[in-house]
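Q: Could you have a look at this structure, given as structure tokens, before my questions?
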Amino acid sequence: MESLRLNENQQKAILHKNGPMIVLSGPGSGKTTVITYRVKNLIENYNIRPNEILVITFTKAASEEMKERFKKICSSYYNVSFSTFHSYFFRIIRENYKYELSNILDDNEKVKIIKSIINKYNIYFDNMEEFVQSIISEISLLKNELINPNYFNSRYLNSNNFNIVYNEYELLKNQQNKIDFDDMLIQCYYLLKDYENIRKFWKNKYKYILIDEFQDINKVQYECIKILCENKNIFVVGDDDQSIYGFRGSSPEFLLNFPKDFENTKKVILNVNYRSTNQIINLCNKVILENNNRYDKNIIGTNKENKQPILIRSYDAYEEAKKIVGKIQVLKKTYPLEEIAIIYRTNLQARAVVEILKDYNIEYQLKDNITSIYEHFIAKDIICYLSLAINKLDNESFLKIANKPKRFLNKNMLQDAFEKCKNETSILEYLYCKVDLKSWQMEGINELLFHLEQIKSKNVYDAIKYIIKTVGYENYLEEYVNFKNIGIKGLLEILNEVLDSAKGYEKIEEYLNHIENMKQEVFKKYRNNNQRGVVLTTMHSVKGLEFDVVFVIGCIDGIIPHEKSKSYIEIEEERRLFYVAITRAKVLLYISILNTKYEERAFPSRFLKNLINIKR
């Protein structure tokens, strides 16, 4: 171990034998080395049988990496179990319920079931794909937190509709003899809790359990671990400052309360960051020290390179994207593109960056499945108006926006007109000339025809503004959110992003071609397994990664912290999320702020308080 040049705290963790231990591992502190060498030490120096050791990670990729790292440091083959929570818990339940892999519900099947329920009960939402994913996330959350569905407050459905969807989902799943990934955890918990013989068997199977990324654990996983580790030989590695998955049920509280639940817990802090420069580490420390609900630790560095974090200030997101891409043009002479990352709070922020990177022919890769903004129902509605303005024969577009806002044109009449016209005759003209309309319906048609001519005569930015304000699309959205009992801010953000994307386009045809190209571009980039180039990723997806150069963009209040984060707990998680983003940088860190967002004044993130004097 001496040849490894381990620091004192790393050695202390590796040499630990019996009893509970919590290892607080700061960014870049060598936690994987500690876990693998501790397993090796248990076997070779303490004579623990390899088959009595279990190492748990959160992802299959992390488990495979840990296993490979362990193999490399061992001269002999040791039959140590490396597993994810889900695969380990599935092993427990499959022996009792006789499950096979075919019993596991995949993501596509889950979406299909939820969609069928929504359609069956006429629970209508315009943006169906996003809505379905939101409901799936809520069902997952209540299971992970062991919440009774009758007491769960959905953000998207009233309690009656949520219970209908939840109960029907469980019923259909059971009828097909299927379980989802969250059921693995729930069923395992109740098996261990309620059946002493099963509990006794699995408690005795592994004498030593090590868990990586413990800050990501949720309630049901934690309760299972408490049952399985009554012998107290549990070794957990994590960083409460990197607990960022509250929406999945994880919380720093499990790490903070660990010493209370496991008496005589020893604590080791891995506080040496081998990744980043001292200047970056100092900035990161100042940010996270503002949080109160955390273990006290001070991260120090070993990299003496003198490169201060740099602040970029831009008028808006478009100028920000141009400045960043301009810097990348210079940086790529020194750093591989794959060692440069652009990190953002929400996928919506990627749009301007993607478009400028494409304009400059700079290769990039997407870490997230960022459904193009142009796939959102709001963008589709705006596109329909634009398309109809330049082509009155686009009857499909007309059908989609006929009553956005209300023109009192009923569905049956519109469908009948569509069948008769196909795409050979304009439905608008057909309704105007051949259908006996009420006076208020005729007024709506006349107004729309007038508006379409106005839209056609403007540049694209002004045309979209006209659709929003004069045609009344914004009024339609207000009625929509009131009917659905949801907030309007998120939808207005989509609307403003579409408006922003139109800047610089004179002709509608040119803009529509651009949209089609971008949709295909984003789809291809995400599906390409051999991705190369600058890494574009959200703050949530970047955890565990590191880069020579990092740009953290859009660092303004309302984005980070996100405007939906109101409570003290939520703000602390947002600060941890920002901390995760800035700790990815090894050599160069750029923090970018905006003066305006959608033409309104913007303010630097409160997380940059007292830090705005960083190098510009």
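Residue numbers (the working numbering): 236 to 851. Just so you know, even glycine gets a beta-carbon here, dropped at the ideal spot from N, CA and C. Just so it is clear, the structure is predicted and the values come from calculations on it, not from any experiment.
#1: Whose C-alpha, out of I826, N412, Q514, K461, is nearest the C-alpha of G789?
#2: Using 8 Å as the threshold, is the C-beta distance between A576 and F782 below it?
#3: To the nearest angstrom, how far is the alpha carbon of I534 from that of Y272?
#4: So, with DSSP's three-state summary, where would you put G561?
#5: Would the region 696–712 and the region 726–737 be scored as touching if the rule is three or more Cβ pairs under 8 Å?
#6: What do you get for D437, buried or exposed, if any count of 16 or more other CB atoms within 10 angstroms of its CB means buried?
#7: Closer than 6 Å by C-beta to S776: which residues in its own chain qualify, once you throw out the five before and the five after it? Chain order, please.
#8: Let me know if F718 comes out buried or exposed under the rule of 16 or more other beta-carbons within 10 Å of its beta-carbon.
#9: Quick check: what's the CA-CA separation for M419 versus S337?
#10: Looking at the structure shown, is V522 part of a helix, part of a strand, or coil, going by DSSP?
#11: Taking the runs of the alpha helix (DSSP H) that are 4 residues or longer, which of them lie wholly in the region 688–724?
#12: Any chance you could list the alpha helix (DSSP H) runs of at least 4 consecutive residues sitting entirely within the region 406–482, in chain order?
#13: Please return the same chain residues whose Cβ sits closer than 7 Å to the Cβ of L426, not counting the five positions on each side in sequence.
#14: Using a 10 Å radius around the Cβ and a threshold of 16 neighbouring Cβ atoms, would you call Q650 buried or exposed?
#15: Whose C-beta lies closer than 8 Å to the C-beta of S478 among residues of the same chain, with five residues either side of it excluded?
#16: Considering just the uninterrupted stretch of the beta strand (DSSP E) at L259, what are its terminal residues?
#17: Comparing alpha-carbon positions, which option in V367, Q766, Y386, K778 lies nearest L572?
#18: So, with DSSP's three-state summary, where would you put Y313?
#19: Spell out the partners DSSP gives F782 in its beta bridges.
#20: Grab the span of the alpha helix (DSSP H) containing V290 for me, first residue to last.
#21: By DSSP's criteria, R836 is part of a beta bridge. Which residues make up the other side?
#22: Is the Cβ-Cβ distance between V274 and V258 less than 8 Å?
#23: In whole angstroms, what is the alpha-carbon distance linking K693 and Y803?
#24: Can you tell me the Cα-Cα spacing of I339 and K345, whole angstroms?
#25: Tell me the residue span of the alpha helix (DSSP H) that contains N752.
#26: Whether or not the region 252–266 and the region 497–517 are in contact is what I'm after, with contact meaning three or more pairs of Cβ atoms, one per stretch, closer than 8 Å; do they touch?
#27: Since Y599 contacts G768 with CB under 8 Å, what's their CB separation in whole angstroms?
#28: How long is the line joining the alpha carbons of K832 and H749, rounded to whole angstroms?
#29: Buried or exposed: where does V565 fall if 16 or more other Cβ atoms within 10 Å of its Cβ makes it buried?
#30: Taking contact to mean 3 or more Cβ pairs, one atom from each stretch, closer than 8 Å, check whether the region 684–691 and the region 612–626 are in contact.
#31: Work out the CA separation of K247 and N253 for me, nearest whole Å.
#32: Using only the alpha-carbon positions, how far apart do I795 and S840 sit?
#33: Mapping the DSSP letters down to three states, classify I358 as helix, strand or coil.
#34: Kindly identify the DSSP beta-bridge partner or partners of Y825.
#35: Report the CB separation of L666 from L672 in whole angstroms; it is logged as a contact under 8 Å.
#36: Look at the Cβ atom of V785, then the Cβ atom of I446, and state whether they are nearer than 8 Å.
A: Taking the structure as given:
#1: I826
#2: yes
#3: 22 Å
#4: helix
#5: yes
#6: Looking at the sequence provided, one finds Trp at residue 437 rather than Asp. So W437 ends up on the buried side.
#7: K602, D603
#8: exposed
#9: 14 Å
#10: helix
#11: For secondary structure counted as the alpha helix (DSSP H) over 4 or more consecutive residues, the region 688–724 holds these complete runs in sequence order: 695–701, 708–719.
#12: Counting only unbroken stretches of 4 or more residues, the alpha helix (DSSP H) elements lying wholly within the region 406–482 are 416–429, 431–440, 454–463, in sequence order.
#13: I327, I328, N331, I433
#14: exposed
#15: Q450, D451, S485, S486, P487, L490, E808, R811
#16: 256–260
#17: Q766
#18: If DSSP states are grouped into helix, strand and coil, Y313 belongs with coil.
#19: Looking at the DSSP assignment, F782 forms a beta bridge with A820.
#20: Careful: V290 lies outside any alpha helix (DSSP H), inside the beta strand (DSSP E) at 288–292.
#21: Beta bridge pairing from DSSP links R836 with T831.
#22: no
#23: 46 Å
#24: 10 Å
#25: Note, N752: alpha helix (DSSP H), 743–762.
#26: yes
#27: 4 Å
#28: 23 Å
#29: exposed
#30: Segments in contact, yes.
#31: 13 Å
#32: Rounded to whole angstroms, I795 to S840 spans 6 Å at the Cα level.
#33: In the three-state reduction of the DSSP assignment, I358 falls in the coil class, being assigned neither a helical nor a strand state.
#34: I545, F786
#35: 6 Å
#36: Not in contact: V785 and I446 (Cβ atoms no closer than 8 Å).
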